[in-house]
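Positions 713 to 928 (this note's numbering) are the ones given, in order, by the sequence shown. The beta-carbon is built from N, C-alpha and C at its ideal position, and this holds for glycine as well. Remarks on the structure that follows.
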Amino acid sequence: MDIVAEYYHSLKPSTYDSPEDEYYYSYQPDEGYKYELLLCLACKGVTLWKYFDADYIDPEEITVDTLYPLARSKLSGLPYQIQNAYEISLKVRVIDANAYAVLLGRILEMVCADRKATGKDLYNKLNDLAAKGEIPGKLVGVADQLRHLRNVGAHASLGELTKEEIPILDDLCRAILEYVYSAPYLANKAQQQLKRLKEKWAKKEEVSDKYSENPE
713 MDIVAEYYHS
723 LKPSTYDSPE
733 DEYYYSYQPD
743 EGYKYELLLC
753 LACKGVTLWK
763 YFDADYIDPE
773 EITVDTLYPL
783 ARSKLSGLPY
793 QIQNAYEISL
803 KVRVIDANAY
813 AVLLGRILEM
823 VCADRKATGK
833 DLYNKLNDLA
843 AKGEIPGKLV
853 GVADQLRHLR
863 NVGAHASLGE
873 LTKEEIPILD
883 DLCRAILEYV
893 YSAPYLANKA
903 QQQLKRLKEK
913 WAKKEEVSDK
923 YSENPE
């Protein structure tokens, strides 16, 4: 997918209510929300992403929210590369079930790499994640079913997937991504925002006190 439009919304105010505010924000790092509109060259569909960005954030730690489409495809907290791969797979979903299964299998491999799983093949890597407590044992079975469907999609000698299997592929992949990424992300999101808010008001109060003592 190609980025066809971008917009950055800075959290710093464009105007200030007082000299204290201007002084305070002049020392704060640049942070805000970035919006990207992407166009799929294959199906001409569009996707709108939103993510928090700041001077102090490692680009590899950025997580993306999909604002559009609003359908069931929306997942929060995915690493950028996995989010991109998932969005691409959804475009292929409407074209060919076999290709869709292969791409979802690739996403499984990306999850294993991201979580630093070890093993000679995907099956052993999934079991390694379970042994480390990254995923529950029941989810290994789910992932293994997706792995088998991926193999069917990749090898004509094993058969062929149809549109009837697509909902199954959807559910299996989402179960894994939601457990590994979305659930922890949503659980931490409110806590992080509350922490930033408390720190911001504490610093603002400190700056206000210093300015009151030295108005010049």
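Length of the line joining the Cα atoms of residue 891 and residue 847:
One-based indexing of the sequence shown puts residue 891 at position 179. One-based indexing of the sequence shown puts residue 847 at position 135. Roughly 7 Å separates the two Cα atoms.
Taking only the alpha-carbon atoms, compute the straight-line gap between residue 745 and residue 867 and give it to the nearest angstrom.
For this step, residue 745 is matched to residue 33 along the sequence shown. For this step, residue 867 is matched to residue 155 along the sequence shown. C-alpha separation (whole angstroms): 43 Å.
CA nearest to the CA of residue 901, picked from 777, 721, 730, 756
Here residue 901 refers to the residue found at position 189 of the sequence shown. Checking every option, the nearest Cα to that of residue 901 belongs to 777.
Count the CB pairs spanning the segment 755-766 and the segment 803-816 that are closer than 8 Å, and state whether there are at least three.
yes
Near residue 810, what residues of its chain come up, given a Cβ to Cβ distance below 6 Å and the 5 sequence neighbours on each side ignored?
If you number the sequence shown from 1, residue 810 lands on position 98. Once the five neighbours on either side are set aside, the close Cβ partners of residue 810 are 865, 873.
Taking contact to mean 3 or more Cβ pairs, one atom from each stretch, closer than 8 Å, check whether the segment 908-920 and the segment 733-740 are in contact.
By the Cβ rule, the segment 908-920 counts as touching the segment 733-740, because three or more pairs are nearer than 8 Å.
Euclidean distance between Cα positions of residue 863 and residue 794:
Within the sequence shown, residue 863 is the residue found at index 151, counting from 1. Within the sequence shown, residue 794 is the residue found at index 82, counting from 1. Each residue's Cα considered, the two are about 20 Å apart.
Would DSSP call residue 780 helix, strand or coil?
Taking the first residue of the sequence shown as position 1, residue 780 is located at position 68. Strand at residue 780.
Taking only the alpha-carbon atoms, compute the straight-line gap between residue 896 and residue 731 and give it to the nearest angstrom.
Start at 1 with the first residue of the sequence shown, and residue 896 comes out as number 184. Start at 1 with the first residue of the sequence shown, and residue 731 comes out as number 19. C-alpha separation (whole angstroms): 40 Å.
Distance, residue 726 Cα to residue 852 Cα:
Numbered from its first residue, the sequence shown carries residue 852 at position 140. Numbered from its first residue, the sequence shown carries residue 726 at position 14. Their backbone Cα atoms lie some 50 Å apart in a straight line.
Cβ of residue 859 within 8 Å of Cβ of residue 835?
Looking up residue 859 in the sequence shown gives position 147. Looking up residue 835 in the sequence shown gives position 123. Yes, the Cβ-Cβ distance between residue 859 and residue 835 is below 8 Å.
Every unbroken alpha helix (DSSP H) within the segment 848-905, with a cutoff of 4 residues, ordered by chain
849-866, 878-889
Expressed to the nearest angstrom, what Euclidean distance is found between the alpha-carbon atoms of residue 743 and residue 788?
Counting from 1 along the sequence shown, the entry for residue 743 is found at position 31. Counting from 1 along the sequence shown, the entry for residue 788 is found at position 76. Roughly 20 Å between the two C-alpha positions.
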